[in-house]
Amino acid sequence: MSKLIDSITLVRENSAVETLRNRLVPKKVEIFIWRARRGRIPVRLELDKRGIDLHSVRCPVCDGGIESVEHILFSCQFAQDVWLKVLNWWGYNTSIFGFDDIFNGTFGSLATDNKKFLWQAVCWIVCYLLWKNRNEKVFKNKIRAVPSLNLEIQTLSFDWLSRRQNWHKLEWHNWIKNRENCRKAKEAADKDSRKPPA
Ligand SMILES: [Zn+2]
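Numbering of the sequence shown is given in my numbering, commencing with residue 432 and proceeding in unit increments.
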């Protein structure tokens, strides 16, 4: 059934069928990414398009631009600062980054098979938490600093990923400081991710 749904709803938008799913993240994260990719999360621009009367379509986090999906997850200054920390954490040096990169798993020059699914999982978790942060600002007026969100990205991704099958060898200090020591766990995770959907 999942293959049938994908064939109808997703393949037309993106040819990278094999990476539409990432088994390293919870279903709620997969669903969030799927919805966001299709412009179906309630950012102010999308609400405005649908005729909902808003006092502003500006970004509630930075107030520096129109709140589109792309803005809140990538081009918002707050998001940029968060992504910079995540990219540094992974040792990546790039300024070319967008939704297509994390959705279809190509990542431009970052694409390597042994890191692909693990890195994609982390990126999806970053997006999920950027959206959660946005909602906390809108609905609870809660303002967080970049280091605080960055720590949550690292702890939550460790918590989720280490619970996956074959990830019992993943240790926190390796996850944070030296990911190369996680090589075996990565390989196991990549192998797991490439299994066809059940
Ligand atoms: Zn913004």
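Note that the Cβ used here is the ideal one computed from N, Cα and C, for glycine as well. All values derive from a computational prediction rather than experimental measurement.
Checklist entry - Buried or exposed: where does ALA678 fall if 16 or more other Cβ atoms within 10 Å of its Cβ makes it buried? => result Outside the shown range of the chain, which is 432 to 629, sits residue 678, and nothing can be said about it.
Item to check | Whole-number beta carbon distance between VAL557 and VAL513, since they are thought to touch under 8 Å | outcome: The residue given as residue 513 occupies position 82 in the sequence shown. The residue given as residue 557 occupies position 126 in the sequence shown. Yes, VAL513 and VAL557 are in contact; Cβ-Cβ is about 7 Å, under 8 Å.
Checklist entry - Three-state secondary structure (DSSP) at LEU582? => result Reading the sequence shown from its first residue, position 151 is the one you call residue 582. In the structure shown, LEU582 sits in a helix (DSSP, three-state: H, G or I).
Item to check | Through-space distance from GLY522 to GLY495, alpha-carbon basis | outcome: Here residue 495 corresponds to residue number 64 of the sequence shown, with the count starting at 1. Here residue 522 corresponds to residue number 91 of the sequence shown, with the count starting at 1. If I take the Cα positions, the gap works out to 29 Å.
Checklist entry - Between GLY496 and ligand 1, is the CB less than 7 Å from at least one heavy atom? => result Numbered from its first residue, the sequence shown carries residue 496 at position 65. Result yes, Cβ under 7 Å from ligand 1.
Checklist entry - What is the C-beta distance between LEU560 and GLU583, in whole angstroms, given that I count them as a contact (C-beta under 8 Å)? => result Within the sequence shown, the letter at position 129 stands for residue 560. Within the sequence shown, the letter at position 152 stands for residue 583. Indeed, because the Cβ distance is near 6 Å, the residues count as touching under 8 Å.
Checklist entry - How would you label PHE570, buried or exposed, when you count the other beta carbons within 10 angstroms and need 16 or more for buried? => result On the sequence shown, position 139 is the one that residue 570 refers to. PHE570 comes out exposed.
Item to check | Proximal residues to LYS573 (C-beta, below 6 Å), its chain only, five neighbours per side dropped | outcome: Looking up residue 573 in the sequence shown gives position 142. Closer than 6 Å at Cβ, skipping near neighbours: GLU567.
Checklist entry - Does DSSP classify ILE497 as helix, strand or coil? => result Counting from 1 along the sequence shown, the entry for residue 497 is found at position 66. It is a strand residue.
Next on the checklist: Considering Cα atoms alone, identify which of ALA510, TRP555, ARG471 is closest to SER579.
Outcome noted: Numbered from its first residue, the sequence shown carries residue 579 at position 148. Nearest C-alpha to SER579: ALA510.
Checklist entry - For ARG489, which three-state DSSP category applies? => result For the purposes of this step, residue 489 is taken as the residue at position 58 of the sequence shown. Strand, per DSSP.
Checklist entry - By Cβ distance below 8 Å, which residues in the same chain neighbour PHE485 in space, the five residues on each side in sequence not counted? => result Start at 1 with the first residue of the sequence shown, and residue 485 comes out as number 54. According to the sequence shown, residue 485 is Leu rather than Phe. Only ARG475, LEU478, ASP479 meet the Cβ criterion.
Checklist entry - Which word fits ARG565, buried or exposed, when buried means at least 16 other C-beta atoms lie within 10 angstroms of its C-beta? => result Working through the sequence shown from its first residue, we reach residue 565 at position 134. Its Cβ being crowded by 16 or more others within 10 Å, ARG565 is buried.
Next on the checklist: If distances are taken between C-alpha atoms only, which option among THR586, ARG466, PRO473 comes closest to CYS490?
Outcome noted: Residue mapping note: residue 490 aligns to position 59 of the sequence shown, counting from 1. Cα-wise, what sits closest to CYS490 is PRO473.
Next on the checklist: Helix, strand or coil, according to DSSP, for ALA552 in the structure here?
Outcome noted: The count along the sequence shown starts at 1 and reaches residue 552 at position 121. The answer is helix: DSSP assigns ALA552 an H, G or I state.
Checklist entry - Per DSSP, what kind of secondary structure is ALA510 in: helix, strand or coil? => result What you label residue 510 is simply residue 79 of the sequence shown in a count that begins at 1. Reduced to three states, the DSSP call for ALA510 is helix.
Checklist entry - Using DSSP with H/G/I as helix, E/B as strand and the rest coil, what is VAL474? => result Here residue 474 corresponds to residue number 43 of the sequence shown, with the count starting at 1. VAL474: coil per DSSP, three-state reduction.
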